[in-house]
Each structure stands twice: as C-alpha cells, then as structure tokens.
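Q: Below is the structure I would like to discuss, written out as structure tokens.
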Amino acid sequence: MRQLKYIWRTYREIIIAVALCMAGFGGLFFGVVPTAKNTLATLDEIKTLSAHVEALSQKAATLDALSEDTLREQLAVIVSAIPTDKAVPSVFATVESVVATAGVEVMDMSVTQAGSLATASAQKLSTEEKTIGASLLPFSVTIRGPMEKVRAFIGRIGSVRRLARIRNFDVSVISPEVIQARLALEAFYVPLPTSLAKVDEALAQLSKEQQDALTKLATFPWFSQPKISAPQGPVYGNRENPFSR
1358 MRQLKYIWRT YREIIIAVAL CMAGFGGLFF GVVPTAKNTL ATLDEIKTLS AHVEALSQKA
1418 ATLDALSEDT LREQLAVIVS AIPTDKAVPS VFATVESVVA TAGVEVMDMS VTQAGSLATA
1478 SAQKLSTEEK TIGASLLPFS VTIRGPMEKV RAFIGRIGSV RRLARIRNFD VSVISPEVIQ
1538 ARLALEAFYV PLPTSLAKVD EALAQLSKEQ QDALTKLATF PWFSQPKISA PQGPVYGNRE
1598 NPFSR
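What follows is the structure, encoded as structure tokens:
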C-alpha cells in the first residue's frame, strides 16, 4: 500500500497523462472511427440515391414527352406484323389474300415443322432465332399459275403484314404457260416477356433506322384481319412527376 502511494506521488502526472492518452485513443477507435465510417457510408448512399432519383426524373420526363396515342398505334403496327404468338390462322389468311391479289392458285399450304404448334414456353430458341431476336414458324405453300403471277406472289409475300420470309423454293413447269412453285417460308413471332423491366432501367430510344423501319412497316397492307386501333386505357387526369423538385 505504501509502495502504491509512493508510486502515485512520484509518477502521478505521468499516470494521469497515460490514462488520458488511453482514454483519447479509446474514444478515437471506438467512437470517432465508427462514426466517420457511418458518415461516409451515409454520404455514399445519399449520392447513389440522388443519382437514382435524377435518372428516374429524366426517365419520367422522357415518358411524359411521348404521345400515348402514337405509342399505341406503333404497338398495333408491330403486333400486326410480328404477333406475340404463332397465330397460324393469320398466316394462312395472309397467304390466301396475297394469292388472290397475285392471281395464282394455291395447291397446298401447311405448317411444316413437327411440333411447331406447341406453346412458346415449351420451345427453346435456336441459334438463328437468338440472332434475329424472334421465333420462327416454318410453313410451306404450293402455288400454280403463269410465270408473271407467280413472280408477283413471291415479290409480294415479304411485303405484307403478317411478316414472313422465303427460305427456299423450287419451280416446275406444268405447261408452256403455267408453272408450279413450292415455297418454304418462315413467319415471325415474339412471345411476351415473362418478367417486367426494372424501373431504373434506361429507356432505350428508337434509332433512325428503327423509326424508318416502323414507318415502312405501317405502309404494308394488313390482310389477315381488319385494322383496328389499339384499345384505349382509363384516363386518370394530369400525371404529376413524383421526382420533381
């Protein structure tokens, strides 16, 4: 006990200084450093949220500048040319209308690939389908008529809605004035996505080439069914931008 009192009297100032230093370092490591880390993390989070809000504000402004009626019309044009399912009756109706317009006689028309009438979800996209971004419905058509009319059919079938392309064809001569052509064709369709896009995803703008293609597509005749306008949605009044400041 006497030794402790002696040490205290002799080294009191040093002991107090050491204790204060330890308390200071303890406060620095257990108080200041965690607080600084939390502050920096909060600042980073605020910065991220500000950028997110800014991106959403720009997206909302872009959407607000678009015409809903124009978007509906464009969607109707695209779906009429490339539907969301196989829509086999529309393929047959289109071919029959083009046949009647060209003035040829249809001898045979059928879907050629086995199992092609299965649901879209049961099929896997081929490498070619992944490349073009659409699923393919193969079918064949056999037509007969004069050379000029058969040529008119071949030139017209790829310029109507519903869209189709000629894969290959072979021609045989029936008589000096009549030929028969068997065409292997493919119609396009794109199933609806199974998941919605994220809210903060960037809004892709149509390029000039895409706009030109859409304009050209709208000029193609629609033989499979009468043209109807896109359904009108409910009107909720003026829409306010929730991210405006």
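In case it helps, this note's numbering puts the sequence shown at residues 1358 to 1602.
From the three backbone atoms N, C-alpha and C, an ideal C-beta is built for every residue, glycine too.
Nothing here was measured: the structure is a model prediction, and the numbers come from that model.
I need the DSSP call for D1557, collapsed to helix, strand or coil.
A: As a working note, residue 1557 is residue 200 in the sequence shown. Note: D1557 maps to coil in three-state DSSP.
Q: Inspect the beta-carbon positions of R1539 and T1484 and report whether they are closer than 8 angstroms.
A: As a first step, residue 1539 is located in the sequence shown; it is residue number 182 there, counting from the start. As a first step, residue 1484 is located in the sequence shown; it is residue number 127 there, counting from the start. Cβ distance not < 8 angstroms, so R1539 and T1484 don't count as in contact.
Q: So the beta strand (DSSP E) E1426 belongs to, where does it begin and stop?
A: In the sequence shown, counting from the first residue as 1, residue 1426 sits at position 69. Per the sequence shown, residue 1426 should be read as Asp rather than Glu. Looking at the DSSP string, D1426 is not in any beta strand (DSSP E); the run it does join, the alpha helix (DSSP H), is E1425 to A1438.
Q: Among residues of its own chain, excluding the 5 on either side of S1529, which ones have a beta-carbon nearer than 6 angstroms to its beta-carbon?
A: Counting from one through the sequence shown, the residue named residue 1529 turns up at place 172. Only Q1537 meet the Cβ criterion.
Q: Within 10 Å of its beta-carbon, does K1443 have 16 or more other beta-carbons around it, so buried, or fewer, so exposed?
A: Translated into the one-based positions of the sequence shown, residue 1443 becomes position 86. Label assigned to K1443: buried.
Q: Hey, how far is the Cα of K1565 from the Cα of L1397?
A: Taking the first residue of the sequence shown as position 1, residue 1565 is located at position 208. Taking the first residue of the sequence shown as position 1, residue 1397 is located at position 40. If I take the Cα positions, the gap works out to 44 angstroms.
Q: Write down the C-beta distance between F1496 and A1544 rounded to the nearest angstrom, noting that I regard them as a contact closer than 8 angstroms.
A: Here residue 1496 refers to the residue found at position 139 of the sequence shown. Here residue 1544 refers to the residue found at position 187 of the sequence shown. Rounded, the Cβ-Cβ distance is 7 angstroms, consistent with contact.
Q: What residue range does the beta strand (DSSP E) around E1543 cover?
A: As a working note, residue 1543 is residue 186 in the sequence shown. E1543 -> beta strand (DSSP E) spans V1535 to Y1546.
Q: If you draw a straight line from the C-alpha of K1487 to the C-alpha of L1493, how long is it?
A: In the sequence shown, counting from the first residue as 1, residue 1487 sits at position 130. In the sequence shown, counting from the first residue as 1, residue 1493 sits at position 136. Those two C-alpha atoms are separated by around 10 angstroms.
Q: So does the region 1543-1557 actually touch the region 1515-1525, counting three or more Cβ pairs closer than 8 angstroms?
A: Taking 8 angstroms as the limit for Cβ pairs, the verdict is that the region 1515-1525 does touch the region 1543-1557.
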